[in-house]
Amino acid sequence: MSLVLDNLVKRFGATTALDGISFSVEQGQVFGFLGPNGAGKTTTMRIILDILRPDGGTATWNGTPTTHVPRNTWGYLPEERGLYPRLEVLEQLVFFASLYGIPRREAAARARDWLARFRIPNYERRRAEELSKGNQQKVQLIAAILHEPEVVIMDEPFAGLDPVNVSLLKEAFDEMRQRGTTLIFSTHQMEMVEELCEAVAIIDHGKLVLGGPIRDVKRSSGRRVVRLGVEGDWDLPWLSELEGVTVIRPGQDHVELNVAPGHDPQEVLNAAIARGERVTQFLIADPSIEQVFIERIGRPPSEEGHLAQAGSPSAEATG
Ligand code: ATP
């Protein structure tokens, strides 16, 4: 049971937006879709949803081409946010649900329930245009999920939300996940990925760079991260003598080190003890998703996603 993308190709004139993308998302997974601006995330989502047709390759959901999967399988929070500005929130939600055949009473009950959970219960009679951007975004997400789709695909759902709304959205994610809903979302915020995702695909220039369960992705390079703390002065010149070890950054009470593939992180501890240091902290960890992203893409996952929302999908592309 999964969403399988196989060798998707999409061209827009001279631009190759997708250049043979393949990856899969297991049913029930929370899946992060990562990549710099213009990498092809939105294009991939639109193909899954049959808003765009690919020039090559296939997308299937549980073996059925997504072009033949019932429309109510999907919920979509598009990149370009769009509610009817003059329509009252509840009417709006009832309308969107009616497109999926949800009767009015049922739709209104579900909508009220979600508005309460998103802490905007008093907004049901307000026109969409009267709501703040963050609140509009929540209403739009409700519109995407009111018909209880099996798969929810969200383009930058966290962009532009304040911390309170971020945590409300996380709670909603949790609830949907517990019901077995598959959640796929793009983001430039790596802390969301660390916290929420079971698996990811990292794409760049229309190609898959890295994908799979988070742990495998983090371990793919073979490098490990070591956190070392010692008593007293911890300018530790001997660290630079250790082969395969580089300092990533000094912390408040520890130093973070990168240990290259093929080197044993434990050697750092052995070396510290051999030099008479009194060790207060020693931790071996996988690199963060952000570190993996930088390593593979060559630049940090920008926060430009926030800006990108304002422009048209083609205008923001930087390749
Ligand atoms: P972002 O993080 O900025 O939202 P993205 O990863 O979603 O980026 P896409 O919007 O899928 O990237 O764009 C991929 C490429 O395809 C870009 O080079 C973009 O300019 C191009 N593109 C997308 N849609 C169109 C279109 N309708 N017409 C022409 N080019 C397009």
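Each position in the sequence shown, counted from 1, maps to that position plus 1299 in our numbering. All residues carry an ideal CB built from backbone N, CA and C; glycine is no exception. Owing to the predicted nature of the structure, the values given are computational and were not obtained by experimental measurement.
Check	Outcome
Boundaries (first-last residue) of the beta strand (DSSP E) holding residue 1352	Looking at the DSSP string, residue 1352 is not in any beta strand (DSSP E), and its letter there is neither H nor E.
heavy atom of ligand 1 below 7 Å from residue 1311 C-beta	yes
Assumed close pair residue 1419, residue 1437 - CB separation to whole angstroms, cut-off 8 Å	6 Å
Buried or exposed by the 16-neighbour rule on C-beta atoms within 10 Å, applied to residue 1604	Any reading at residue 1604 needs caution, since the residue's pLDDT is 41, under 50, leaving its predicted position unreliable; the model's value is listed next. It counts as buried.
Near ligand 1: residue 1371 beta-carbon under 7 Å from a heavy atom	no
Inter-residue spacing [alpha-carbon to alpha-carbon] between residue 1422 and residue 1382	14 Å
Reference residue 1506, options 1318, 1343, 1361, closest by Cα	1318
Secondary structure of residue 1600, DSSP reduced to three states	coil
Secondary structure of residue 1332, DSSP reduced to three states	strand
Chain-order list of residues whose beta-carbon lies under 8 Å from that of residue 1364 (same chain, five-residue window excluded)	1357, 1358
DSSP-derived helix/strand/coil call for residue 1372	helix
Whole-angstrom distance between residue 1530 and residue 1576, CA atom to CA atom	7 Å
Between the CA atoms of residue 1484 and residue 1612 - distance to the nearest angstrom	Because the pLDDT of residue 1612 is 35, which lies under 50, any placement of that residue in the model is unreliable, and the number read from its coordinates should be weighed accordingly. For residue 1612 and residue 1484, the distance between alpha carbons rounds to 16 Å.
Bounding residues of the alpha helix (DSSP H) (the contiguous stretch that carries residue 1532)	Counting along the chain, residue 1532 falls outside any alpha helix (DSSP H), and DSSP gives it neither H nor E.
Exposure label - residue 1304; buried when at least 16 CB within 10 Å	buried
Closer than 7 Å: residue 1427 CB and nearest ligand 1 heavy atom	no
Outcome for residue 1306 when other beta-carbon atoms lying within 10 angstroms are tallied against a minimum of 16	exposed
With 16 other Cβ atoms within 10 Å as the buried cut-off, status of residue 1311	exposed
Proximity to residue 1526 [Cα-Cα], best of 1550, 1339, 1590	1550
Delimiting residues of the alpha helix (DSSP H) encompassing residue 1565	1565-1573
Spatial neighbours of residue 1614 in its chain, beta-carbon cut-off 8 Å, leaving aside the 5 residues before and after	Because the pLDDT of residue 1614 is 34, which lies under 50, any placement of that residue in the model is unreliable, and the number read from its coordinates should be weighed accordingly. Counting only Cβ-Cβ distances below 8 Å, and skipping sequence neighbours, we find nothing.
Straight-line gap, residue 1600 to residue 1426 (C-alpha atoms, nearest Å)	35 Å
Straight-line gap, residue 1387 to residue 1441 (C-alpha atoms, nearest Å)	14 Å
Rounded C-alpha distance that separates residue 1368 from residue 1389	28 Å
Local Cβ density within 10 Å of residue 1343, reported as buried at 16 or more and exposed below that	buried
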